[in-house]
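Engineer: If you want this note's numbering, it's the position in the sequence shown, counting the first as 1, plus 23. C-beta: ideal position from N, C-alpha, C; glycine also. No experiment lies behind these values; they were computed from the predicted model shown.
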Amino acid sequence: MITNSLLQSTFEQALAFAKYVATATPHQQHAWNHFDSLSREKAPLSPAQIALVRSFTRRVNILVLSGAWCGDCVHQCPLLQQLGELSPVSSVGMIDLRFIDRDEASELAHAAMICGGLRAPTAIFMNEDFDFVSILGDRSLTRYRAMAAKALGASCPLPGAPVPADEIAATRQDWLNELERVHLLLRLSPKLRQRYGD
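Quick look at the structure:
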């Protein structure tokens, strides 16, 4: 069962993106940092995306159950980090984004299984009180569509094939759509509206 106390205690153990990536092997760090740089270059955030995230007025805590070894994490977590950077912890509508190895957070990972399995990445969205709000994992809709097109099509992709810019942009948009949905849920929350008088 996912409880506030389990979410909060796991969140407090989790790391910011750079510190999390630094725990990986040199080869894994290279993969994460390379995709982060490549995605920023090939599919930069649009002014509208930046403005949207910077307009948020509620705190969103996001805990990502991840794995430095996980290819899907390499191709998605940096995109989520890029969104988190737009609303730093010091801002009004801050996004506090943290990462933890799925196997180190086994109690939460087992409570948050998807389709009967331990998945990575799994992002758990919470409000400022660590109330559960939403969960998204292990791939966004765009990632699943791309995977299905490759795996269910006439030919298989080559291992390590580059990710097209349009797939990167669409995957980031998937994560932004969920982040916006969560923020609107929090913005309209009666509990939080009463707390902040808005």
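1. Select from 152, 129, 200 the residue whose C-alpha is nearest the C-alpha of residue 164.
2. Quick one: which unbroken beta strand (DSSP E) runs of 3-plus residues sit fully inside the region 39–90? Chain order, please.
3. Look at the Cβ atom of residue 102, then the Cβ atom of residue 76, and state whether they are nearer than 8 Å.
4. Using a 10 Å radius around the Cβ and a threshold of 16 neighbouring Cβ atoms, would you call residue 211 buried or exposed?
5. Roughly how many angstroms separate the alpha carbons of residue 96 and residue 217, rounded to a whole number?
6. CA-CA distance, residue 203 and residue 86?
7. Could you spell out where the beta strand (DSSP E) holding residue 147 opens and where it closes?
8. Taking DSSP as the reference, what is the three-state secondary structure of residue 156?
Structural biologist: If we stick to the structure as given:
1. The shortest Cα separation from residue 164 among 152, 129, 200 belongs to 200.
2. 83–89
3. no
4. With fewer than 16 other CB atoms across the displayed protein chains lying within 10 angstroms of its CB, residue 211 is exposed.
5. 37 Å
6. 16 Å
7. From DSSP, the beta strand (DSSP E) with residue 147 extends over 145–149.
8. Here residue 156 carries a strand assignment [DSSP, helix/strand/coil].
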